[in-house]
Amino acid sequence: MTTLVIIDAANVVGSVPDGWWRDRRGAAERLRDRLARDGVPGRDDPVEIVLVVEGAARGVESVPGVRVDEAPGSGDDRIVELVAEASGGPCLVVTADRGLRARVGELGAEVVGPRTVRGDG
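When we follow this note's numbering, the leftmost residue of the sequence shown carries the number 8, and every step to the right adds one.
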């Protein structure tokens with residue numbers, strides 16, 4: 008069974024102080040490209056990767072292997088909607104946001120931190 012992997016782009020990008028705030032869209036594109044190239048480290052099962060972007064990161068296009076979902080408002084709210092739409096299927100959310108972790112955890116999603124997809128741990 009395919010695991011839906013939902014990435015909180017703003018949270019993952021914002022977890023490293025590398026100047027991302029000067030070009031939020033570019034930072035989200037670099038994350039998208041890394042995910043398309045490397046997938047989700049440590050996952051051997053088939054995955055569907057969804058990168059949720061919001062605010063200044065809107066406009067990032069999907070590429071083979073990574074579907075980009077533009078949140079119309081709050082990225083957190085869109086991530087919760089995506090988990091709910093998964094209808095109990097395997098779902099992994101990548102974020103460090105405590106409030107979001109609690110919300111998707113209540114819906115049965117597994118949650119991991121940004122290092123999972125940053126490639127540094």
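We treat Cβ as the ideally placed atom computed from N, Cα and C, and that holds for glycine. Computed from a prediction, not measured in an experiment: that's the story for all the values here.
- C-alpha of VAL19 to C-alpha of THR9: approximately 22 Å in a straight line.
- Around the Cβ of GLU61, a 10 Å sphere holds 16 or more other Cβ atoms; the residue is buried.
- Around the CB of PRO24, fewer than 16 other CB atoms lie within 10 Å, so the residue is classed as exposed.
- Between the region 66 to 80 and the region 103 to 114 there are fewer than three inter-stretch CB-CB distances shorter than 8 Å, so the stretches are not counted as touching.
- The beta carbons of GLU68 and VAL12 sit about 18 Å from each other, so the pair does not count as a contact at 8 Å.
- Per DSSP, the continuous alpha helix (DSSP H) segment holding ASP40 begins and ends at 31 to 45.
- In this chain, the beta strand (DSSP E) harbouring THR10 covers 10 to 15.
- Around the C-beta of ARG44, fewer than 16 other C-beta atoms lie within 10 Å, and the residue is accordingly described as exposed.
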